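*Asks:*
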Amino acid sequence: MNTLKIIASIIVISSFTMSCGNTTDNKSEVKTEAHKEHNQDEQNETIKLSNGEKWSVNEEMKPFIIEAESILTQYIECGNSDYNTLAKKLKEKNTGLIKSCTMQGESHDELHKWLHPHMELIESLSNATTTEEANEIIATLQASFSTYNQYFQ
């Protein structure tokens, strides 16, 4: 009986301490949900620079952002119309991005001001029902990457 209480306590404590800096191998869905909920009130706040300079993003995360932006750019340049596949590829990059997150502090908080709405755009793209709707979201995603490049390095 005491063993069950200990296990239950460990599970509860683990769920409360899960964060971006957690390097244990959790399922990506759990980390994705944690990121979606993390600082949700910041989604409407404006991103600010760090004393006039871009925020640094940890090196492990950068490839996922660069690759996602490249996927979007190639989609646009090639005139593709399979926005469902695009959304799937962008979601895969976001999963890798979230799993690689070890950032903390103000730079982490500022990144979330960009990331949370960006993730919502990708989700909206996967739920789009018309090409016109998808194209509007894709244009907004392109602007989102421009915002990322304006505030982060």
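Numbering (the numbering used here), first residue to last: -11 to 141. Every residue gets a Cβ at the ideal spot worked out from N, C-alpha and C, and that includes glycine. Because the structure is a prediction, the values reported are computed rather than measured.
Determine the DSSP secondary structure at Ser112, reduced to helix, strand or coil.
*Replies:* Here Ser112 sits in helix by DSSP.
*Asks:* Which residue marks the beginning of the alpha helix (DSSP H) containing Thr117, and which one marks its end?
*Replies:* Element bounds for Thr117: n/a, residue is neither H nor E.
*Asks:* If the criterion is Cβ atoms closer than 8 angstroms, does the pair Met35 and Lys101 meet it?
*Replies:* Note that residue 35 is Ile in the sequence shown here, rather than Met. Yes; because the gap between Cβ atoms is below 8 angstroms, this pair is in contact.
*Asks:* Let's see if you can read the secondary structure: which residues bound the alpha helix (DSSP H) around Ile35?
*Replies:* Per DSSP, Ile35 belongs to no alpha helix (DSSP H) and is neither H nor E.
*Asks:* Assign Glu124 to one of three DSSP states: helix, strand, or coil.
*Replies:* helix
*Asks:* Please confirm if the region 124 to 134 is in contact with the region 103 to 114, defined as three or more CB-CB distances below 8 angstroms between the two stretches.
*Replies:* Yes, the region 124 to 134 is in contact with the region 103 to 114.
*Asks:* Under a three-way DSSP split, which group does Glu57 fall into?
*Replies:* helix
*Asks:* Could you work out which residue in Thr90, Asn39, Thr83 and Lys50 is closest to Thr110 when comparing CA atoms only?
*Replies:* The displayed chain sequence assigns Ile, not Thr, to residue 110. Among Thr90, Asn39, Thr83 and Lys50, the Cα nearest to that of Ile110 is on Thr83.
*Asks:* If you pair each beta-carbon of the region 45 to 52 with each one of the region 90 to 100, do three or more pairs fall below 8 angstroms?
*Replies:* yes
*Asks:* Hey, out of Asn39, Thr128 and Lys42, whose CA is closest to Thr61's CA?
*Replies:* Thr128
*Asks:* Helix, strand or coil for Glu165? Go by DSSP, reduced to three states.
*Replies:* In this structure the chain extends from -11 to 141, so residue 165 is not present and cannot be described.
*Asks:* Quick check for students: name the residue ranges of the alpha helix (DSSP H) that lie wholly in the region 51 to 103, counting only runs of 4 or more.
*Replies:* 71 to 87
*Asks:* Assuming the contact rule is C-beta atoms closer than 8 angstroms, Ala116 and Tyr63 should be a hit. Round their C-beta distance to whole Å, please.
*Replies:* About 14 angstroms; that fails the 8 angstroms criterion.
*Asks:* Taking the straight line between their C-alpha atoms, what separation do you get for Gly67 and Thr118?
*Replies:* 16 angstroms
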